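27 is the number of the first residue of the sequence shown in the numbering used here; add one for each residue after it. Idealized CB from N, CA, C, for every residue including glycine. None of these values were measured; they are calculated from a predicted model. Reviewing the structure listed below.
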Amino acid sequence: MARVKALRHVVSFFRAHPRAVITVQLVVLTIFFVSVGWAMRGSFRDAGDDLRNANPLLFTLAAVTLAVYYLVFVYGWIRILADWGISISYPAALRAEMVSMLAKYVPGGVWTPAARVVAARRAGITNAPLVTFSILVEAGLSAVAGVLVFVVSLAWVDGVDAPIAPLIAFGVVVTVLLHPRVFRPLAARVLRKLGHPELPPFRTSTMLFLLLFYCGTWVIGGAALWLLLRSVGAHPGAESIVYLGGTAAVGAIVAVLAVFAPSGLGPREASMYGLMLAVAGQGAALGATVLNRVAITVVEVLLLVVGGLVLRRTEGEAEQVRLHEAEA
């Protein structure tokens, strides 16, 4: 009981002093970077050579593949909202996804869901709690799918040094929490305290479909990482693409759990680097890790521009055509 009270006092303190949260994050992040930098100091020279000699064509193909991953990933959120009776256009969903992705770089941790809620509101979806829980469902299903992809890929890749048991345990816990008989009552309890009605039912068939769907998106992400490795001179076999998809998934999970690091900057890269050593040398793995962060940021910005300008203009023109046809 004393521990619970102490935890509540800590939470209350940080809520009342948001700058303290950012300060703590920056301090922990600095310590992390210094520690990792010291441990990996011998790999930076090899990585520098690989980056200088990186193949621009393969890097471009990797960035395009990563963009495809994001463009496909958006359909999952659209399907979640549709199962709850909410309709959103693809351009609006893409804008909301990319805004929330870029919000991860802001220290604080709350900006990712907040940005998605605001973007959804601009698209006409005013039910903020429903949008928030849709983000949780999306993140949970994607994480479980990533764990599945990683575990299955171990059948083709040897010499993987990873904490398999904790990863599987994490996937099992998230799966249990996402089960409709567990998720809906928990969500209803939270919504009741906030004065909102409970969530609509979320069909198990939709959940299973999305689980397979997100497994497919991680394989696309693995193809992007495979191209990045080849761009810096590594030669992983095509059979490693599924494993690299699982590697990207583990990196994403670590990024979410590492609350002290904006967008998981640092912990995500460290985990992915360690896992890529099973299919590439130290220099190539580190070079691909650096390029992966660059590609992620560039692609997210470009897709926000595409979703915010190009697709919005196309959507507006289509709406004008429909209005003219209705008037005629």
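Quick one: measure Cβ to Cβ for residue 250 and residue 88, integer angstroms, because I've assumed they're closer than 8 Å.
-> With a contact defined as Cβ atoms closer than 8 Å, residue 250 and residue 88 qualify at about 5 Å.
Using alpha carbons as the reference points, say which of 327, 284 and 257 lies closest to residue 86.
-> Nearest C-alpha to residue 86: 257.
Given a threshold of 16 other Cβ atoms within 10 Å of its Cβ, counted over all protein chains shown, does residue 131 qualify as buried or as exposed?
-> Sixteen is the threshold: since fewer than 16 other Cβ atoms of the shown chains lie within 10 Å of the Cβ of residue 131, the residue is exposed.
Could you tell me whether the region 159 to 167 touches the region 178 to 198, using the rule of 3 or more Cβ pairs below 8 Å?
-> No, because fewer than three Cβ pairs between the region 159 to 167 and the region 178 to 198 fall closer than 8 Å, the two stretches do not touch.
Under 8 Å Cβ to Cβ from residue 324, same chain only, skipping five residues before and after it: list those, please.
-> So the qualifying residues of the chain are 89.
Nearest neighbour of residue 299, chosen from 124, 329, 107 and 252 [CA to CA] | Closest option to residue 299, judged by alpha-carbon separation, among 124, 329, 107 and 252: 252.
Please report how far the alpha carbon of residue 155 lies from the alpha carbon of residue 254, in whole angstroms.
-> For residue 155 and residue 254, the gap between their C-alpha atoms comes out near 38 Å.
Straight-line gap, residue 101 to residue 304 (C-alpha atoms, nearest Å) | So the two alpha carbons sit approximately 32 Å from each other.
Helix, strand or coil: how does DSSP classify residue 105 here?
-> Residue 105 falls in the helix class under three-state DSSP.
Span separating the alpha-carbon of residue 200 from that of residue 170 | Those two C-alpha atoms are separated by around 7 Å.
Hey, out of 180, 278 and 259, whose CA is closest to residue 165's CA?
-> Residue 278 holds the alpha-carbon nearest to the alpha-carbon of residue 165 among 180, 278 and 259.
Enumerated in chain order, which unbroken segments of the alpha helix (DSSP H) with a length of 4 residues or greater are wholly contained in the region 93 to 159?
-> Segments of the alpha helix (DSSP H) lying fully in the region 93 to 159: 116 to 129 and 137 to 148.
If you follow the alpha helix (DSSP H) that residue 254 is part of, which residue opens it and which one closes it?
-> Its alpha helix (DSSP H) spans residues 230 to 257.
Among 138, 143, 259 and 197, which one has its Cα closest to the Cα of residue 308?
-> Ranking 138, 143, 259 and 197 by Cα distance to residue 308 puts 259 first.
Do residue 145 and residue 108 have their C-beta atoms within less than 9 Å of each other?
-> No, the Cβ-Cβ distance between residue 145 and residue 108 is not below 9 Å.
Evaluate residue 230 with the Cβ neighbour count: other Cβ atoms within 10 Å of its Cβ, from every protein chain shown; 16 or more gives buried, anything less gives exposed.
-> Counting every other CB atom within 10 Å of its CB across the protein chains shown gives residue 230 a total below 16, marking it as exposed.
CB of residue 92 within 9 Å of CB of residue 322, strictly = A contact, by the Cβ cut-off of 9 Å.
Is residue 297 near residue 182, with beta carbons less than 9 Å apart?
-> A distance of 9 Å or more separates the beta carbons of residue 297 and residue 182.
For the alpha helix (DSSP H) holding residue 295, just list the boundary residues, first then last.
-> Boundaries of the alpha helix (DSSP H) harbouring residue 295: 293 to 302, taken from the DSSP string.
Could you check if residue 209 is buried or exposed, using at least 16 other CB atoms within 10 Å of its CB as the buried criterion?
-> Result: buried.
Leaving out five residues on either side along the sequence, give the residues of the same chain with a beta carbon under 8 Å from the beta carbon of residue 16.
-> Nothing can be reported for residue 16: it is not among the residues displayed for the chain, which extend from 27 to 354.
With distances taken from CA atoms, which of 282, 228 and 99 is nearest residue 211?
-> When only C-alpha atoms are compared, the closest one is 228.
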